[in-house]
Every structure is written in structure tokens, then in C-alpha cells.
Amino acid sequence: MAHIPDGVLSLPVLAVGTLAGAGGLWLGVRKLGDRDIPQTALLAAVFFIASSLAFPLGPTSVHLLLGGLIGLVLGWKAFPAIFVGLLLQALLFGFGGLTVLGVDLVNMALPGVLLAMAVRPFIRAGNPVRSASLAGLSAALSVLVTAGLVGVEIALSEPAFAPAISVMAVAYLPLAIIEALVTAFVTLYLLKVKPDMIGASTVIGTTP
Amino acid sequence: MIRRFAVTLAAVICLVLPAEAHRLKLFAQVTGETIAGYGFYIGGGRPEGAEILVTKPDGTEIGRLKTGKDGDFNFTPPTPGRYRLTLTGGDGHFASVDISTDGTPAVTSPAPVTPSTSAVPADLDARIAKAVDAAVARQIRPLMEAYDAAEGRVRFNDLIGGLGWIMGLAGLWAWFRSRRSGHGS
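If you're matching them up, the sequences are chains A and B in order. The C-terminal position of the first sequence is numbered 579 in our numbering, with every residue numbered one higher than the one before it. The C-terminal position of the second sequence is numbered 1168 in our numbering, with every residue numbered one higher than the one before it.
Rendered as C-alpha cells:
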């Protein structure tokens, strides 16, 4: 959904997005310790597959973004993971333009990273139900923030398209609910089998 | 843990395949001087009430259309010529297509039409040409639709190839790190 093609965004939007994307990427790569490599690659693979496969839903078709889940597990390392996934999607499938890569990266990675940062202190293995619902909530919100970012960027670049954009949040609402459920169940599962992957991952994994 | 995750992932892939790319496309065809077609999402769904912007190749706006219930539209430009249609899906998707209504090729150039040397009146000749155009357009329409749909399909090979790339990059990064920090030497 959020893969913007080439030639839609204006130069200032592209420049700001690319700079922000590069900044996030730099932060993420700096935090990428030796032990984080397999996990980051695994989540890059999950993102790549999940957001490549679309399924029909009502009048349109949607695919998962999983920004909330990836942000929760990886923190800033979500940027390199999602960057690799987006790059491959652009090269293999033509999803999103290569020049828009930085903007797309910010749209999909940043909301999840920031929201996960906000909810992580409240996620405890001892209270799985509350933790899972918080994770689900942050996933749903991150989808909506992604949608909002895409809408604002397109409206800023091409005012001619602005009226058509206003229906966007409605189109993303079912996806937000699906993402919330998926993220909540994955969180529940991870809390049982490997709680440090979510809660303590930022403490254990970041040996630079 | 990783293994279980991978198995789940593989199960999900098998469950979802054959899935298709999520992309908005615009199918348009010229019949006479009218441009008609529809927008569609590869993977299912037609954008209803989406806006189509009609411009000349240099960007001058000619008009705006709304797609109908099945994502369909038709439009007769004021003068025959080359036009670009841009469909806005409303959820951040765009699709555009270049089309020409005056017989000049919009993108590629097929063989030029040889001038008629037959004895039939020019008027009849033109009518026959028009009828043949319409018939050919009708006949090749399913082919063009199938081509459009096939073009955006996510192929299993590409997906697996992408996973291979991710693994390779992880390996490369790990190798680079190990050389820098002197592990394993």
C-alpha cells in the first residue's frame, strides 16, 4: 500500500525523506551488533514476504506492513531490515520507485520504531495479555501513521491529487485491525518462547 | 525458535500462494476516437470512484474522470491526439498509461500503414479501416488484459530469490564484522 512509485513526489519531499531515511539507516546500522545479524535478516525476510503478498479485501487488496512488529523486535535496526526488503521489492517486482526508497523507508519504519519505543517499557513476560494488546495497538497505530505520512507527502507534492487522498485512512482501517491481531498473536507467542526477543532485545543485543 | 519461525513462515507462504502483486494498473484501449478501459488491482479489486487525470504529453490538463462501479471509464478527447491517463487509487497507488487516438503510436512504432491503391472510393476505404480497427481491438483485448495481469504478478522464484539475497547479505555483513573484529582468525 505504501509503496509510492517514481515521479509522484516533489523534489523537496524526496530530499527530506531521503535524508531522514539515511539518518534512520545510519542509526540502525550503528546499533547492529554481531549477535543481531541473524535476527535482523530474519525480520527483513518476514517483511519482504509479508509485504509482497497481497490478498483481496473488499474492493481493493491489501498486504501486511508489519512495521509495528518489526519496530518492537528490532528497534532502530528496523531501518536496515526494512531497507533491504524495500530495495529487493523495488528491484524484483517494481514495487515503489528507487528514487522514493528513502521516503518509503521512513513511512514504513519510523512509526513502528517510535511507537514500539513508547510501549516497550510496559511489555512484560509476566503480563502477556496486556503486553500483547499494547503491541497490537501500537501496530494498528503505526499502520495509520504510515497511511497519514503517505497522504501528507502526496498532498504536499501534488495538490491535484489531494481530494482523492482523503479516503485513504478508511482504506487502511481494515489493514490496521489485521495488523493489530497478527502482531498481538506473534507477541503472545514470543513472550512464551523467547521473551527477550521483544522486551530485553535492546539491552542484550546492542553490543556495538 | 528460529527454526520454528522459519517453518511458520514457509507455511504462510504456501498458504498465501499463488498470490499476486499489489499494484494498481490501468487498462485502456482506443475504439474510434473514444478511450475506454478500467483500473484494477492486481490481486483483486477494482477502484470505484477513483479519479483519472487526462493530460497531454506535455502535462497540460485536459480533464478529470471518475471511474464507475467496476473501475471502468470512457472518455472522448476533444481532438484526436496523444494523451496520458493517470489513475489515482485514493490509497496512495497510481497508475498511468500513454495512449493515442489519432493512429500515431503512443509509445512504440509499428510498421507504417501503406497508402491504399485500390479502386474503391476513399470513403469506403476509411470505413473498412475503421471496422477492421474495431474488430482487431476487440479480438486482442483479452490478450492485452492477460499480459497486463501477468506483468505484475509476484513470482515464486522472485520471492525465493529475494530470500536468498537477504541470507547472502546477512552472511556478507557477518563476514565483514568478523574480519574487522578479528573473530575466528
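From the three backbone atoms N, C-alpha and C, an ideal C-beta is built for every residue, glycine too. Bear in mind that the values here come from a model prediction, so they are computed numbers and not experimental data.
Asked	Found
Interface flag, aspartate 1141 of chain B vs chain A, CB-CB below 8 Å	yes
CB contact check: leucine 1068 of chain B to chain A, cutoff 8 Å	no
Backbone CA spacing between leucine 440 of chain A and serine 1079 of chain B [nearest angstrom]	34 Å
Chain A residues whose Cβ lies nearer than 7 Å to that of valine 1137 of chain B	Ser423, Leu424, Phe464
Residues bridged to serine 1083 of chain B (per DSSP)	B/Arg1065
Contacts of leucine 459 of chain A in chain B (Cβ-Cβ under 8 Å)	Gly1145, Trp1148, Ile1149
Straight-line gap, leucine 1126 of chain B to alanine 1120 of chain B (C-alpha atoms, nearest Å)	10 Å
Start-end ranges of the alpha helix (DSSP H) lying completely within the stretch 434-474 of chain A, minimum 4 residues	438-445, 449-464
Local conformation of valine 1013 of chain B per DSSP, three classes	strand
Residues bridged to leucine 1048 of chain B (per DSSP)	B/Ile1035
CB contact check: valine 455 of chain A to chain B, cutoff 8 Å	yes
Asparagine 1057 of chain B - DSSP class collapsed to helix/strand/coil	strand
First and last residue of the uninterrupted alpha helix (DSSP H) at asparagine 1140 of chain B	1139-1164
Presumed contact (8 Å Cβ cut-off) between alanine 555 of chain A and glycine 507 of chain A, rounded CB distance	3 Å
DSSP-derived helix/strand/coil call for leucine 1007 of chain B	strand
Contact list for isoleucine 408 of chain A against chain B, beta-carbon separation under 8 Å	Ala1153, Trp1156, Ala1157, Arg1160
Phenylalanine 419 of chain A classed as buried or exposed, judged by whether at least 16 other C-beta atoms fall within 10 angstroms	buried
For tyrosine 1071 of chain B: DSSP bridge partner residues	It should be noted that the sequence gives threonine, not tyrosine, for residue 1071 of chain B. DSSP output for threonine 1071 of chain B lists B/Glu1034, B/Phe1077 as bridge partner(s).
Chain-order list of residues whose beta-carbon lies under 7 Å from that of alanine 511 of chain A (same chain, five-residue window excluded)	Ala547, Ile548, Glu550, Ala551
Threonine 1059 of chain B, buried or exposed, once every other Cβ within 10 Å from all chains shown has been counted against 16	exposed
Distance CB(glycine 1147 of chain B)-CB(leucine 463 of chain A) smaller than 8 Å	no
Beta-carbon gap between tyrosine 1066 of chain B and isoleucine 1045 of chain B smaller than 8 Å	yes
is_contact[phenylalanine 1056 of chain B, chain A] using C-beta, thresh 8 Å	no
Residue-chain proximity (alanine 1004 of chain B, chain A), Cβ-Cβ < 8 Å	Only weak support is given to the placement of alanine 1004 of chain B: the predicted model assigns it a pLDDT of 46, under 50, and the value that follows is read from those uncertain coordinates. Yes, alanine 1004 of chain B counts as interfacial toward chain A.
Backbone secondary structure at glycine 1020 of chain B - three-state DSSP	strand
C-beta contact flag for arginine 1047 of chain B and glutamate 1031 of chain B at 8 Å	no
Given aspartate 377 of chain A as reference, the closest of A/Arg406, A/Ile453, A/Gly399, A/Thr470 once Cα atoms are compared	A/Thr470
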